[in-house]
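There are 2 protein chains.
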Amino acid sequence: MKRKITLKQIAKELDVSISTVSKSLRNSLEIGEETRLKVQAFAKFYNYKPNNIALSLKNRKTKSIGIIIPEIVHYFFSTVINGIEQVANEYGYSVVICVSDDSFDKEVLNMEMLANGSIDGFIMSLSKETQYKGDFHHITEVINQGMPVVMFDRVTNDILCDKVIIDDKSAAYEAVQSLIDSGRKKIALVTTVDYVSVGKLRTDGYEKALLDNGLPFNEDLIIKIEDVDTCEITISELLHARAFDAVFAVNELFAVTIIKTANKMGLKVPEDLAVIAFTDGIISKYSTPTITTVSQSGEKMGNKAAKMLIERIEAEENEDEEHTENYITEVIETHLIKRESTD
Amino acid sequence: MKRKITLKQIAKELDVSISTVSKSLRNSLEIGEETRLKVQAFAKFYNYKPNNIALSLKNRKTKSIGIIIPEIVHYFFSTVINGIEQVANEYGYSVVICVSDDSFDKEVLNMEMLANGSIDGFIMSLSKETQYKGDFHHITEVINQGMPVVMFDRVTNDILCDKVIIDDKSAAYEAVQSLIDSGRKKIALVTTVDYVSVGKLRTDGYEKALLDNGLPFNEDLIIKIEDVDTCEITISELLHARAFDAVFAVNELFAVTIIKTANKMGLKVPEDLAVIAFTDGIISKYSTPTITTVSQSGEKMGNKAAKMLIERIEAEENEDEEHTENYITEVIETHLIKRESTD
DNA sequence: TTGCTTTACGAAAACGTGGTAGTGTTGAAA
DNA sequence: TTTCAACACTACCACGTTTTCGTAAAGCAA
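Given below as structure tokens:
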């Protein structure tokens, strides 16, 4: 139950000054070889490691980055964290994770908690409520304090900072185009409510693909789902009416629910109904039939976001000059993974 | 681009001492009302918040807890993190997450990185490699330094500390018993390699259930899978031989692969083959058919682990006495969730 | 011996905070 | 007048590091 040893204790024990110990351990030439080796041996024996907190205070940087996400029990977000963690680790950074639970207040609270010196920068994806309210003062604030922020996936144009996104619109376009190519005429879009930024962009891509192919854009075929539990009812009604022969769902939970509903009604996937989902998660790989998806590599997004953030952090050290803020938005490519739910 | 304001800056600006500012903000009676209000107003205007790092250094505690897990893109582990995060947040703690990637070296490295003052305690689940090697010196070390550790799920008897587990043996027993109750006679166990602690315990429960019911315990029906990719081949061979009519799989990935393999061969689940999986994840809920599982609530485990850790941390503050270490092992109850893969 | 450089180390400041122990002024009781 | 308390505030230390600056001792040339 002995506490970690400090420079001071080593100094006292060896009857030298703290500075001598510090310098010896950093192999400074100022210290004579004899003393240096003695100190190093002693430190090694007692397994001395500098205290991170003291270093953070002194250097004014913590070597850790804060992640704020809406959910953690969520395939996409966990892959992003994984991607961030990989890069962070490589560069010697730790990651501190806070979950906003899609609540504005929690997002603000978490940011404030971390902004007071605990971390060197943020990587975040906005909560639904924040996107709905359009209130981003907490983010502006940390940016004004000189703390770099990288946003991913659920971003906003109202904040100037680095961003990592996928081209939701063109990815949706590609998905819908592939449905059209295989002969589908009545393609439904199952999406979330409008204020979630990505939902809107995907809708745009869907619309454009239809129009470009001379197909009618029918508002009735856009199904907005607030909660996955209500999905089944809504879907089954429309399926009864045989209103569509293909579905583009903005997430795999919607997709798998649609497939199950169709199966219950005796419809075959993909023969009677083709299904494509956004977000290539674990469900798509293991559902029956497996689901064709637009993959958005969370890991790549995480990698990229972490790299951007760490570059910002380490750039700041070297130039205290007010450099021109040339924020960049990185677009991660997507691709269609064809599986059994389409033909 | 103004840095966060400090006590010192406020003091200088208002031409009082740092102590006066500090005390004013903590509403000390030592300071006259006029000065106090003036300082508070000024601090509020400039949005002063004490620097966490400085506080950590002074108080010798960071108000953050370290989590070390084998994987993060993993339903069970992410639910545990979620559970930890909830409680941590409630008590004003942050969580720092490191992924060991099932590698011993990474686990050691991550622990060392965090152990040097960054956190107040650990919550961890052992990596496969660590369990295989049986080398726990890195954990002993942090415990000896007086840092509390709570282990969950993948634990070891070689380390004395608080633990949160489920009763793997009796949970497996219950699952197998339910298969027997529905008339199954030849029940296979699909498990992982032996050195993963939970795998072994589940095997024990399986064996006991068979023996208690007078069924033969046949080594050939225990299928050890190193990698999920090899699962399909192994399974299909045994299915061809009609060697078993029910399967107890130690995770849902194995279970869903088995079901898919059976379906390909024209076998019906649950009629020809009943399937139960350990770990109630998202796949089980959405696969076709949905899979009967033994639920182990990751969230509850996380909640409990966090509570235990925080209690230890805060107990340490009050008693510097070498108190008798009465470590406890909390067992989280499981229950069987019946779905379509069993009858 | 004097003056200069080199070697080998120590003192102290700084990072930001909070608590303990002063300190100087005022007013009132003895 | 002395003493003492209350008031309102400041000085200082500690937390653990790193780093700049200072300096004593030793070595060496003139």
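Those protein sequences? They're chains A and B, same order as listed. Residue numbers for the first sequence follow the numbering used here, beginning at 1 and rising by one. Residue numbers for the second sequence follow the numbering used here, beginning at 1001 and rising by one. Just so it is clear, CB atoms sit at the ideal spot from N, CA and C, and this is done for glycine as well. Only a predicted model underlies this, so the values are computations on that prediction, with no experimental measurement involved.
- Message: In the DSSP assignment, the alpha helix (DSSP H) including A:Met301 goes from what residue to what residue?
- Response: 298 to 318
- Query: Terminal residues of the continuous alpha helix (DSSP H) containing B:Phe1104?
  - Reply: 1104 to 1115
- Item | Chain-order list of residues whose beta-carbon lies under 7 Å from that of A:Lys23 (same chain, five-residue window excluded) | Glu30, Ile31
- Item | Beta-bridge pairing of B:Ile1223 - partner residues as DSSP gives them | B:Val1190
- Task: Give me the Cβ distance between A:Ala255 and A:Ala277, rounded to the nearest whole Å; I'm assuming they're in contact under 8 Å.
- Result: 4 Å
- Task: Apply the 10 Å Cβ neighbour rule to A:Val96 and answer buried if 16 or more other Cβ atoms are within range, or exposed otherwise.
- Result: buried
- Could you work out which residues of chain A lie near B:Ile1282, taking near to mean beta carbons separated by less than 9 Å? Val73, Tyr75, Leu253, Gly281, Ile282, Ile283
- Task: May I ask which residues mark the beginning and end of the beta strand (DSSP E) holding B:Ile1161?
- Result: Before going on, a small fix: residue 1161 of chain B reads as Cys here, not Ile. No beta strand (DSSP E) contains B:Cys1161, which DSSP labels as neither H nor E.
- Message: I believe B:Thr1261 touches B:Ser1284 by the beta-carbon criterion, under 8 Å. Please report the beta-carbon distance rounded to the nearest angstrom.
- Response: The Cβ separation is near 17 Å, so there is no contact.
- Starting from B:Thr1329, trace the alpha helix (DSSP H) both ways and give me its first and last residue. Careful: B:Thr1329 lies outside any alpha helix (DSSP H), inside the beta strand (DSSP E) at 1329 to 1332.
- Along chain B, in chain order, which residues have C-beta atoms closer than 8 Å to that of A:Pro50? Asn1116
- Query: Quick one: Cα of A:Val150 to Cα of A:Gly121, how far?
  - Reply: 8 Å
- Are the C-beta atoms of A:Ser22 and some chain B residue less than 8 Å apart? no
- Please report how far the alpha carbon of B:Lys1106 lies from the alpha carbon of A:Glu141, in whole angstroms. 36 Å
- Query: B:Ser1094 lies in the beta strand (DSSP E); which residues open and close that run?
  - Reply: 1094 to 1099
- Query: Taking the C-alpha atoms as reference points, what is the distance between B:Val1176 and B:Ala1209?
  - Reply: 6 Å
- Task: Identify, in the order they occur along the chain, each residue of the same chain with its Cβ nearer than 6 Å to the Cβ of B:Lys1163, setting aside the five sequence neighbours on each side.
- Result: Met1151, Val1155, Thr1329
- According to the neighbour-count rule (16 or more other Cβ atoms, all chains shown, within 10 Å of its Cβ), is B:Phe1217 buried or exposed? exposed
- Item | DSSP beta-bridge partners of B:His1335 | B:Ser1295
- Message: Just verifying my parser: in three-state terms, what is the DSSP assignment at A:Asn213?
- Response: coil
- Query: Cβ of A:Ile69 within 8 Å of Cβ of A:Met147?
  - Reply: no
- Assign B:Asp1320 to buried or exposed, taking buried as 16 or more other Cβ atoms, counted over all protein chains shown, within 10 Å of its Cβ. At B:Asp1320 the pLDDT is 49, less than 50, meaning the model places this residue with poor confidence and gives no usable figure here.
- Message: Mapping the DSSP letters down to three states, classify A:Phe244 as helix, strand or coil.
- Response: coil
- So is A:Thr192 in contact with chain B if we call contact Cβ pairs under 8 Å? no
- Contact list for the region 1139 to 1161 of chain B against chain A, Cβ threshold 8 Å: Glu1141, Asn1144, Gln1145, Gly1146
- Since I believe A:Gly83 is in contact with A:Lys300 (beta carbons under 8 Å), could you give me their beta-carbon distance rounded to a whole number of angstroms? 6 Å
- Task: Give a yes or no on whether the minimum CB-CB distance between A:Ala306 and chain B is below 8 Å.
- Result: no
- Item | Secondary structure of B:Leu1025, DSSP reduced to three states | helix
- Sequence-distant residues of its chain with Cβ nearer than 6 Å to B:Leu1007 (five each side left out): Ile1018, Val1021, Ser1022
- Query: Just the Cα atoms here: how many angstroms apart are B:Tyr1173 and B:Tyr1091?
  - Reply: 37 Å
- Should B:Ile1282 and B:Val1269 be called a contact, given that it needs their Cβ atoms to be closer than 8 Å? no
- Item | Boundaries of the alpha helix (DSSP H) in which B:Phe1136 is found, first to last residue | First-last for B:Phe1136: undefined, no H or E at that position.
- Between the Cα of B:Thr1290 and the Cα atoms of B:Ile1337, B:Glu1325, B:Asp1272, B:Val1331, which residue gives the shortest distance? B:Ile1337
- Message: Can you tell me which residues form a DSSP beta bridge with B:Ser1064?
- Response: B:Ser1094
- Task: Tell me, please, whether the CB atom of B:Cys1231 is closer than 8 Å to any CB atom in chain A?
- Result: no
- Beta-carbon proximity of B:Asn1157 to B:Ile1180, cut-off 8 Å: no
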